[in-house]
Structure formats: C-alpha cells, structure tokens
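Before any comments, here is the structure.
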Amino acid sequence: MLAVLFAGLIPFFPASISYADDRFTETVRSYSEFQGSITAMEETPDGSYYFAAYDNTTSILGRMDKNFEIKWITSFDNQRRINSLSPTSDGGVLFAGDSTDFHVIYGKLNVNGTVAFLKAALTDRYSASGTGIVEANDNEGTGILVSGVYRQDQGAPQIPFVFRAGPQGEITAETYMTDMLYNPTFTDMEPSGDGSYLLTGTIRSGSETTGLYQALLVMVGADTQVKWVKSFGTDLGSATGQSIRRTSDGGFVITGNILDSASKQRMFLLKSTTDGSLIWLRDYPLDVNSIGLSVRQTADGGYLVAGGDNYKTMILLKTSNSGEQQWVQTWSDSDAGYGNAFFCRTASGRTLFPRRRLRQISFFANVGR
C-alpha cells in the first residue's frame, strides 16, 4: 500500500531558530505530518533533493526543490526502512531497503513521485536488507545494482550480496559472497567511473567472535562478480566504513568511525587509489563522540564530512586534500531526535542537514560556512 501526497496537501512550518553556535541557525523546511527519522538524502543535478524517512512501520520518500519546497511525498506501508537513494538520469530516484518482514525491497519513483516499479528480493532468507543502490550504464547495458546483506537462517552468518537488475527491476545477475569472513556488511556503493562499482562497509578480522573490525572496500564488475577485496584497520580500535565517494583524481575516499580502546568513537577519512591501495588514513579526535556518515570533495580539492555523535549532536568537518583537519563545527540540540546528520550541498554552497526535531522532520542549513 502506497500513496503520493502533493505539496498543496502538506502543511509546512518554515522557521528560524537560534542556537549557541550561530553557524547553524536556519531551519529551511519542516514537515510535521510524519514523526519518523531521516534515513537517506541525495541531491540531484538540478539542485533539488530526494529524502527518505521511517517510523518502524512506514517509510516515506519525498522530493524537495532547490528552494526547499516539498513537491510530493510517497508513503510505503510495507517498507520498514529505506537505506539508500540514487537519483536517476531521467530525473527519478532509485531506492533500496527492507520490508517489515525483513526482505529486500527496491524500486524506482518517477520525477513526479509515481511508482515506476517496486520489487522484493531474497524472500526465502531468514532476513535480508538492501543497503545500497546505483544506476548502471556500462558494458552490460542500462540497469541498476543493489547491494546488501542476508542471513539464510536464524543465527547463521551474515552474507553480503550484489545483484543487477534491468530498467524495470528484473534481476539479471547476482553474486553472494559466501566466502567473505567474518561478519561483513555493506553500507554504501559508488560507481568507479570505469564500469565497475565500489562498496564500503565493515568486516571483522581474526574470527567471527574475536578481532577488530576493519573498514571494507570491495570492487565488483558490471556483472556483479568480485574483482578484489581490501580492508583497512588501525591500531586505535575497530573501524567502520559508512560512506564512499569517487575523487577528482580517480581514487576514492571513505569516511566512518573508529571505536577506540576507551570506547570513544572518532571520525576517520581514508584515501585510496583506483586499485584500492591505501594512500592515507586519518582520524579526528573531538570533544564528543563522532561518526562520519557522508563525505563530499570540495572545490579546493579537500573534503567535507558530516555526521554526529549517534545522539543529539551534528558535526561538520573540513579537511585539506591530504586529510588534515582545517575546521570543525558541532551543534547540539536537546530537542533533536536520536540519530545522526546526513547532508547535501545546496546551490549556494551551504550544507543541508535533515534531522528529526520536536516530533517532526526538519531540514537545517548552516549559515557560516
């Protein structure tokens, strides 16, 4: 069951509020009809935004234009959570996640919010989740790639997967990485630029019950077959990869968090070459716990990381091209819901943060950077 709600039917509550750090003072849009949490957000080439949210039983997917006016909201009653969004070349958006009965759900909405297709996959598994989705246009033709993890039975090991589907969602190729040990997960996917695809996530070294977690980097071809697997660890503690982006030099940058021996979390960035060789890995100890959830390369060649403390603080960190910290902004809001900040860059170069606040979805923009 799904429904599309258009802007004329939706009450909006734009507001301006002031906090101790006045670099985060503007609320550009709020939506009070849905009291869930933001799970994904992506900007489009024309400067508009797609966003997803959920409240444990219902997911919504919406489009907001460059002036922060919400154009439509589509709701999904059977979808527990949308984990990944990917705008398409025709103006629509792909999405992947999991249903209330813990199966993979993936699909596409057209630019006007109507459903192009909606599919379920891995329905014979005990549990499965789609964690990444991208549009594919390579030597295999036009289609989509979906990544995620599943368990065959209760208590069984977690297995990562990638499958390819045609333009209407019919699966044409699939790879299940049953030999990848231990406890691997995928959290994000990015086209490599040469017809392959990079996935980041986490894998445990040593054994299923001992050893530190390491950030995972996997390259798959257009046919979903694995080309190589790399993992990156640190002596500080367990590392988790959360977001990956291709860089202007053809390499890749990953952000995430490190859990150190004192159980404190800190953001990290790592830079790799096109073949996955590590160039550098830097961590950023802050006064608060910090988790990097989104990374973008900036016009000066550096990097901008957005995230949070997994509670009520949002964080924006800027580095140089070689990963040295240049500045950091933190913002704590006692009225914000549990969660972290994802971000998109606006046309003016500001950073947009979606967040649950006062039982409604709000979109904040920083005004000082």
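Under mature numbering (1 follows the signal peptide of the UniProt record, and there is no 0), the residues of the sequence shown are numbered -20 to -1, 1 to 349, in order.
Ideal placement from N, C-alpha and C gives every residue a C-beta, glycine not left out.
Note that this is a predicted model, so its numbers are computed, not measured.
Where residue i falls: helix, strand or coil (DSSP)
{"i": "Val95", "result": "strand"}
{"i": "Ala242", "result": "coil"}
{"i": "Ser185", "result": "coil"}
{"i": "Asp26", "result": "coil"}
{"i": "Asn117", "result": "strand"}
{"i": "Ala100", "result": "strand"}
{"i": "Lys292", "result": "coil"}
{"i": "Thr253", "result": "coil"}
{"i": "Gly149", "result": "coil"}
{"i": "Ser107", "result": "strand"}
{"i": "Thr38", "result": "coil"}
{"i": "Asp78", "result": "strand"}
Inter-residue CB distance, residue i and residue j (contact presumed, cutoff 8 Å)
{"i": "Ser64", "j": "Glu115", "result": "In fact, because the Cβ distance is near 12 Å, the residues do not count as touching under 8 Å."}
{"i": "Ser223", "j": "Leu258", "result": "About 17 Å; that fails the 8 Å criterion."}
{"i": "Arg262", "j": "Arg225", "result": "About 16 Å separates the two Cβ atoms, so there is no contact after all."}
Inter-residue Cα distance where the pair is residue i and residue j
{"i": "Ser312", "j": "Gly77", "result": "29 Å"}
{"i": "Gly110", "j": "Gly128", "result": "4 Å"}
{"i": "Asn163", "j": "Ile238", "result": "17 Å"}
{"i": "Leu125", "j": "Gly201", "result": "10 Å"}
{"i": "Asp81", "j": "Thr94", "result": "24 Å"}
{"i": "Met294", "j": "Gln245", "result": "14 Å"}
{"i": "Ala195", "j": "Ser211", "result": "5 Å"}
{"i": "Trp260", "j": "Thr214", "result": "11 Å"}
{"i": "Thr254", "j": "Tyr193", "result": "23 Å"}
{"i": "Tyr106", "j": "Ala32", "result": "25 Å"}
{"i": "Gln138", "j": "Thr103", "result": "15 Å"}
{"i": "residue 357", "j": "Lys99", "result": "Since the first residue shown for the chain is -20 and the last is 349, residue 357 is missing from the structure and cannot be characterised."}
CB contact flag (residue i, residue j, <8 Å)
{"i": "Met247", "j": "Gly287", "result": "yes"}
{"i": "Thr204", "j": "Phe143", "result": "yes"}
{"i": "residue 350", "j": "Ser39", "result": "Given a span of -20 to 349 for the chain in the structure shown, any question on residue 350 remains unanswerable."}
{"i": "residue 384", "j": "Trp52", "result": "Any answer about residue 384 is impossible in this case: the structure gives the chain only from -20 up to 349."}
{"i": "Thr235", "j": "Val285", "result": "yes"}
{"i": "Asn155", "j": "Asp168", "result": "The residue you asked about is not Asn; residue 155 is Thr in the sequence shown. In this structure, Asp168 does not lie closer than 8 Å to Thr155 by Cβ."}
{"i": "Arg43", "j": "Tyr34", "result": "no"}
{"i": "Leu266", "j": "Gly303", "result": "no"}
{"i": "Leu178", "j": "Phe141", "result": "no"}
{"i": "Phe56", "j": "Ile113", "result": "no"}
{"i": "Gly149", "j": "Thr182", "result": "no"}
Entirely enclosed alpha helix (DSSP H) segments - the stretch 158 to 239, minimum 4 residues: none
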